[in-house]
Amino acid sequence: MQDPREPGPGGRDPGDEQPLDETRDSGRRDGGPWLEIPRTQWSQLAGDSLLTLDRATIEHLRGLDDPTDESDVEQVYLPLSQLIELHRTNRGRLWGAQNRFLGLSSAATPRTPLIVGVAGSVAVGKSTTARLLRELLARGENHPHVVLVPTDGFLMPNAELEARGLIPRKGFPESYDLRALLRFVMDVKSGRPDVSTPVYSHTLYDIVPGEREQIHSPDILILEGLNVLQPARAGHGDRSSVAVSDFIDFSVYVDADESDIERWYVERQIAYRREAVFEESSFFRAYSHLSDEEFRDLAHRVWARTNRPNLRENIAPTRPRATVILRKGPDHRISTVRIRKI
């Protein structure tokens, strides 16, 4: 944990309240419980940090057909990683203060991982966001152990979805093993040192049988998925219940216009099919007989039947629950950042 007396990311003390000069504050807009910051102003918050990622690393981390480059990392994701580290630092201070208040030793109540949720529609770029944050946070001043877990691994296997008639609703909340996902998050949050998760393959478009990823004592867990910000739903007899979102300490929602997301989704599906030529086991090889136009029409139909309703009914309504909203323009690049006021 960072020494509370040391300055935070970018050389600033996270505990200092310094007035913003007029130039830096001029672009900020008050939006009720949100502070909206244009990218030009947000980019200044990185300060004099020398941390960056080279082009090869970014190309490895970004999604298929995602245009993210060095300028996006330096202007958007670096300040965001610094904000997350600020939250982690101050959460550590609160942990220590609470232990002192309760008269407990740190050994009696070990510090638990910070859980960061990254949510948004399919094809909006949340996986790229999560991977970039993992890399930047892990390279930060204190080099925390950062683990990224996509919730795709908690989807029910295709055979189970088929048996339940849920294949057309794959990605909807009911297509996940929510009990297993919640148990995993609770184990991590309770400080259990060794846990594991199922593995999902986008090539197979299914859970990989018998394969699990082992996770050992992370300092930060990034949980990325469509539904990580879903609130708890009332149980039988109106009994209270808990949800994964109850254990998330900091959350990011990647947002864009629905029409743009649909376009990105279709383009990504076409790219997946193009890549399938080289993958014998790829799910998309089954569509190799279709013409480009036929496959494009199919992708639009899948969007209209599954992804659009899921976005409208389940994903977009969770947007106001996020700590930070990254708003993208038609060019797939982040234009504004909205932060929930404290």
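So in UniProt numbering, spot 272 of the sequence shown is number 272, and the numbers just go up one at a time. By construction, the Cβ of each residue, glycine as well, lies at the ideal position given by its N, Cα and C atoms.
Judged by beta-carbon spacing, glycine 225 lies beyond the 9 Å limit of valine 324, meaning their Cβ atoms are not closer than that value. DSSP, read as helix, strand or coil, puts glycine 210 in strand. Taking 9 Å as the cut-off, the Cβ atoms of alanine 304 and isoleucine 270 do not count as close. Beta-bridge analysis with DSSP links histidine 216 to Asp194. Under DSSP, isoleucine 334 shares a beta bridge with Lys328. In terms of Cα proximity to alanine 56, the closest of Leu50, Glu70 and Pro144 is Glu70. In the structure shown, isoleucine 167 falls within a helical segment according to DSSP collapsed to helix, strand and coil. A contact between stretches requires three or more CB pairs, one per stretch, nearer than 8 Å, and the region 135-145 fails this requirement with the region 262-269. Comparing alpha-carbon positions, the option among Arg91, Arg179 and Leu80 lying closest to alanine 130 turns out to be Leu80. Just so you know, the alpha carbons of tryptophan 34 and arginine 333 end up roughly 21 Å apart.
The residues Pro157 and Asn158, in chain order, have a CB closer than 7 Å to that of aspartate 206 in the same chain once the five nearest residues on each side in sequence are set aside. Per DSSP, reduced to three states, the secondary structure at phenylalanine 101 is helical.
Between the alpha carbons of arginine 308 and threonine 112 lies a gap of roughly 36 Å. Measuring C-alpha to C-alpha distances from valine 302 to each of Phe184, Asp177, Val116 and Val122 identifies Val122 as the nearest. In terms of Cβ geometry, glutamate 174 and threonine 197 do not form a close pair [threshold 9 Å]. Per DSSP, the continuous beta strand (DSSP E) segment holding serine 251 begins and ends at 250-255. Of all alpha-carbon atoms in Leu223, Glu293, Ser241 and Arg62, the one lying nearest the alpha-carbon of proline 150 is that of Leu223. Take alanine 180, set aside five residues on each side of it, and the residues of its chain with a beta-carbon closer than 7 Å to its own are Phe154, in chain order. By the neighbour-count criterion, in which a residue is buried when 16 or more other Cβ atoms sit within 10 angstroms of its Cβ, glutamate 160 is exposed. Of the candidates Ser335, Arg340, Ile342 and Lys341, the residue whose Cα lies closest to the Cα of arginine 39 is Ser335.
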